[in-house]
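Student: Quick note: the sequence shown uses this note's numbering, first residue 1, plus one each step.
Just so you know, even glycine gets a beta-carbon here, dropped at the ideal spot from N, CA and C.
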Amino acid sequence: RFQGVEKRIKAKGKALSDCSLDELEEAWQQVKQDES
1 RFQGVEKRIK AKGKALSDCS LDELEEAWQQ VKQDES
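Take a look at the structure:
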């Protein structure tokens with residue numbers, strides 16, 4: 001799942017280190033939804 005989060009963040013043109021916790025949480029939830 002973490003790779004999915006990385007891909008989503010990169011697709012937005014950002015680096016993980018530049019993201020807020022809220023952005024990371026949102027991406028994490030989206031990846032979880034996609035997998036189910």
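Excluding the 5 residues flanking Leu24 on each side, which residues of the same chain have their C-beta closer than 7 Å to its C-beta?
Tutor: One-based indexing of the sequence shown puts residue 24 at position 24. If we look at Leu24 and ignore the five residues flanking it on each side, its Cβ neighbours are Val5.
Student: Can you tell me where the alpha helix (DSSP H) with Arg1 in it begins and where it stops?
Tutor: Here residue 1 refers to the residue found at position 1 of the sequence shown. Run containing Arg1: none; DSSP gives neither H nor E here.
Student: Does the Cβ of Arg1 have 16 or more other Cβ atoms within 10 Å, making it buried, or fewer, making it exposed?
Tutor: Translated into the one-based positions of the sequence shown, residue 1 becomes position 1. Counting Cβ neighbours within 10 Å, Arg1 comes out exposed, since fewer than 16 surround it.
Student: Residues in its own chain within less than 7 Å of Gln30 by CB, not counting five upstream and five downstream?
Tutor: Looking up residue 30 in the sequence shown gives position 30. Here the set comprises Arg8.
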